[in-house]
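Participant: Following this message is one structure expressed as structure tokens.
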Amino acid sequence: MVIGAGKAAAAMAQAVEQHWNTAISGLVVTRYGHAVPCRHIQVVEAAHPVPDHAGLRSARRILDLVRGLSNDDLVLCLLSGGGSALLTLPAPGIELQDKQQVTRELLLAGATISEINCVRKHLSAIKGGRLGTACWPAKVCALIISDVPGDDPAVVASGPTVADPTTYRDALNVLQRFEINLPRSISEHLSHATEETPKPGDPKLQHVRNVVVARARDALSAAARHARRNGVEPTVLGDDLEGEACVVARQHAAHALDMATTRTPPWVLLSGGETTVTVRGRGRGGRNLEYALCLALALDGAPNIYALACDTDGIDGVTEAAGAIVEPDTLDHAARSGTDPQQCLNNNDAYSMFVATDSVVATGPTRTNVNDFRAILNTG
């Protein structure tokens, strides 16, 4: 039985079909526009990052598929980033629109993916190890593409097959810290829930094996090898960077400007992870676009320095862009087009800025996801 959820789930299912030699069936759910043809495994599309009824129906069907299996059965669970929203099944008493509201508010408040997923687990009937226990007594092998800093399987897709170390109190603390206005059903659920998520040592999870098969570190290592082959000296700043996109961009700009005076080019700074954006404006953008705009402002046209910031799934924020390119003349180009970069930043409208400078990177869905990819290149 093959089940799964995430932006890479359909491509993973297709790969399983290409390499599996015996009978196979199942269902995976992926983001709208991320499906690929499969012969035996059904692929369903649903909404991300705010869940919808298609995701809810798919989660119910997945639970139905794994109930009643025996210890002679094997469940292959394919998980990747985006699975938290796509595999949505509210706990009893919680309506989908209540989960949608809380998800939107956490995203706008700039909560980290770990914080958001802590809340999601405790509002769900399938996340936080519950899918894994539902498969018992069948054997489960979860193949995971990590899109989270630190590559913790318990965080990817809110860990549906992984014992959950967090608690209802942790979820409430996150919501209180960001001053989220809670619907009554969610407030009552978190305050009065008696059955915690499955914890480490749960006997119904002893049959589950969780394997991270790809991560940001792999993408950065491949980029570093490519750079060296082409005579460019790479420095990897980290594969798990977090924080406000603009703060990280300014730090990276300062690092690049310092290296421009101390190290012989060509060189490239590489980094991964997942930044956040606290949304205050009404424009269009994503964390990589905002990073790129803040980086352009901080570099201020420094000669010979170019940069790329993209989401490896091909979709950054609420745009059709993967991210953007920054060049030494980006700000001059903006001025010639009548675009004010600082005003775009104030309105969280980085997308408009890079459309005006013809600097948007548009790949379409890549059908994989190892989080953000950033490169700052000094050509000398």
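Under this note's numbering, think of the first position of the sequence shown as 71, with each following residue one higher.
Where a beta carbon is used, it is the ideal one built from N, C-alpha and C, also for glycine.
Computed from a predicted structure; not experimentally measured.
1) Give the straight-line distance between the Cα atoms of Thr438 and Ala432, rounded to the nearest whole angstrom.
2) I'd like to know if the stretch 338-345 and the stretch 434-448 are in contact, where contact means that at least 3 CB-CB pairs between them fall below 8 Å.
3) Less than 8 Å separating the beta-carbons of Thr203 and Asp142?
4) If you check the beta carbons only, do Glu165 and Ser291 fall under 8 Å apart?
5) Contact check, Ser154 vs Ser228 under 8 Å by CB: the rounded distance?
6) Can you check whether the CB of His259 is closer than 8 Å to the CB of Ala391?
7) Which runs of the beta strand (DSSP E) at least 3 residues long sit entirely within the stretch 207-231? Give them in chain order.
8) When you compare each of Thr267, Pro435, Gly408 and Thr436 to Gly427 by their alpha carbons, which one comes out closest?
9) Give the DSSP-derived three-state secondary structure of Thr305 in the structure shown.
10) Can you have a look at Glu266 and say buried or exposed, based on whether 16 or more other CB atoms are within 10 angstroms of its CB?
11) Please name the residue or residues paired with Thr22 in a DSSP beta bridge.
12) Please name the residue in Pro373, Gly356, Asp419 and Asp381 whose C-alpha comes closest to that of Asp402.
13) Looking only at DSSP bridge pairs, what is Trp337 linked to?
14) So, at 6 Å on beta carbons, what are the nonlocal neighbours of Val218 in its own chain, with the 5 sequence-adjacent residues on each side left out?
15) Quick check: Val396 and Leu365, are their CB atoms within less than 8 Å of each other?
16) Classify Tyr361 as buried or exposed, calling it buried when 16 or more other Cβ atoms lie within 10 Å of its own Cβ.
17) Grab the span of the alpha helix (DSSP H) containing Cys364 for me, first residue to last.
18) Which same chain residues, not among the five before or five after Gly152, have their C-beta less than 6 Å away from its C-beta?
19) Closest to Gln112 by C-alpha separation, out of Gln84, Gln412, Lys269 and Gly356, would be which residue?
20) Only counting the same chain, and skipping five residues up and downstream in sequence, which positions put a Cβ closer than 6 Å to that of Cys211?
21) Spatial neighbours of Ala81 within its chain, please: CB distance less than 6 Å, with the 5 preceding and 5 following residues excluded, ordered by chain position.
22) Where Arg470 and Leu139 are concerned, what is the direct C-alpha to C-alpha distance, given to the nearest angstrom?
23) Considering only residues of the stretch 264-333, which uninterrupted alpha helix (DSSP H) runs meet the minimum length of 4 residues and lie entirely inside it, listed in chain order?
24) Apart from the five residues on each side of it in sequence, which residues of its chain come closer than 7 Å, Cβ to Cβ, to Pro270?
25) Taking C-alpha atoms, which residue in Ala404, Asp381 and Asp288 lies nearest to Val425?
26) So, is Pro207 buried or exposed, given that buried needs 16 or more other C-beta atoms within 10 angstroms?
27) Could you give the DSSP three-state label for Ile73: helix, strand or coil?
28) For Asp399, which residues of its own chain have a beta-carbon under 6 Å away from its beta-carbon, when the five flanking residues on both sides are left out?
29) Could you tell me whether the Cβ atoms of Leu126 and Leu159 are closer together than 8 Å?
30) On a Cα-Cα basis, can you pick out the residue from Asn243, Arg287, Phe248 and Leu157 that is closest to Gly199?
31) To the nearest angstrom, how far is it from the Cα of Gly351 to the Cα of Gly180?
32) Helix, strand or coil for Val136? Go by DSSP, reduced to three states.
33) Going by DSSP, name the residue or residues bridged to Thr346.
34) In three-state DSSP terms, what is Pro411?
Facilitator: With the structure as the only source:
1) 15 Å
2) yes
3) no
4) no
5) 4 Å
6) no
7) 209-215
8) Before going on, a small fix: residue 427 reads as Thr here, not Gly. Of Thr267, Pro435, Gly408 and Thr436, the residue nearest in Cα terms is Gly408.
9) strand
10) exposed
11) Since the first and last residues shown for the chain are 71 and 450, residue 22 lies out of range.
12) Pro373
13) Glu303 and Asn448
14) Ile183, Val225 and Val226
15) yes
16) buried
17) Arg357 to Leu369
18) Gly76, Lys77, Arg101 and His118
19) Gln84
20) Leu146 and Arg279
21) Val106 and Arg437
22) Nothing about residue 470 can be reported from this structure: the residues present for the chain run from 71 to 450 only.
23) 286-299 and 315-332
24) Ala233 and Pro235
25) Ala404
26) exposed
27) strand
28) none
29) yes
30) Leu157
31) 13 Å
32) helix
33) Glu314
34) helix
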